[in-house]
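J.:
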Amino acid sequence: MKRIFLIYGSTEGQTEKIAEVISDVLRERGHDVTMLDVKEAGDGILEGYDGVVVGASIHVGKHDRHIVDFVRRHQDALARTASAFFSVSLAAHGDRPEAESYIEQFEQETGWMPAKVALFSGALLYTQYGFVKRLLMKKIAGDKPGELGTDTSRDYVYTEWDGVRRFAEDFASQLEESAAPG
Ligand SMILES: Cc1cc2nc3c(=O)[nH]c(=O)nc-3n(C[C@H](O)[C@H](O)[C@H](O)COP(=O)(O)O)c2cc1C
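Position 54 (the sequence shown) corresponds to 84 in the numbering used here; numbering is contiguous.
1. On the criterion of 16 or more Cβ atoms from any shown chain inside 10 Å, does L154 qualify as buried, or is it exposed?
2. Give the range of the beta strand (DSSP E) segment to which L149 is assigned.
3. Identify, in the order they occur along the chain, each residue of the same chain with its Cβ nearer than 8 Å to the Cβ of E190, setting aside the five sequence neighbours on each side.
4. Pairs of beta-carbons, one from the region 116-136 and one from the region 93-103, closer than 8 Å: are there three or more?
5. Please determine if the region 124-134 and the region 152-172 are in contact, where contact requires at least 3 C-beta pairs separated by less than 8 Å.
6. Can you name, in chain order, every residue of its own chain whose Cβ lies under 7 Å from the Cβ of Y79, other than the five neighbours on each side?
7. Please report the straight-line C-alpha distance between H98 and T140, rounded to a whole angstrom.
8. One question on the structure: do A202 and H61 come within less than 9 Å of each other, judged by their Cβ atoms?
Right, here's the structure in full:
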């Protein structure tokens, strides 16, 4: 059994849902997972974990700023621990170069070069957005015809859950192998 710390930054809740699926997979494999919303993380020290998973969503071209701060503060511990990062955006659904550019920017901003990175597609939750956000997101989606939905009476979830589960399985395997004797 490995001790794994899973921290995420989410505004509308999709990254949190993804973190929950990752946590379930890791727990099913017998690991001890501490999952935390970065907004509740405080100033504690990141010590005593065998693995760390960090996740953040993108808004207006930037990763969650609480996660950026957290990673900056815990750079040394992250560099010493097996770690992985997942980024959640709409660009990951059909505009991979854009989604990759967010990762480059994140690495430059934080100084952390995660050994394992995943880009997950997020969601358009029109029914949960307020008036202004709904209009803005409809406009953005309309600029990418065919890729993103524009019917504001419903939500669109683009996350590929199999890919999320695979990411968690791969990370678990990597940690388990590091414990193998010899
Ligand atoms: C106001 C707003 C701005 C966004 N800006 C971007 C963006 O610049 N690039 C992008 O790829 N996705 C963008 N998104 C899409 C989010 O990354 C996507 O909705 C994701 O699922 C949000 O995750 P969260 O619910 O965990 O915060 C934006 C979403 C909203 C609501």
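Glycine included, each C-beta is placed from N, C-alpha and C at the ideal position.
Source: prediction; values computed, not measured.
T.: In short, the structure shows the following:
1. Within the sequence shown, numbered from 1, the residue matching residue 154 stands at position 124. With 16 or more Cβ atoms within 10 Å of its Cβ, L154 is classed as buried.
2. Here residue 149 refers to the residue found at position 119 of the sequence shown. Start and end: K146 to S151.
3. Taking the sequence shown and counting its residues from 1, one reaches residue 190 at position 160. Excluding positions up to five away in sequence, the list reads F150 and S151.
4. yes
5. no
6. As a working mapping, residue 79 is identified with position 49 in the sequence shown. Cβ neighbours of Y79 beyond the five flanking positions: R33, I34, F35 and T111.
7. Here residue 98 corresponds to residue number 68 of the sequence shown, with the count starting at 1. Here residue 140 corresponds to residue number 110 of the sequence shown, with the count starting at 1. It is Val, not His, that sits at residue 98 in the sequence shown. So the two alpha carbons sit approximately 6 Å from each other.
8. In the sequence shown, the residue the question calls residue 202 occupies position 172. In the sequence shown, the residue the question calls residue 61 occupies position 31. Against a cut-off of 9 Å, the Cβ pair of H61 and A202 comes out as a contact.
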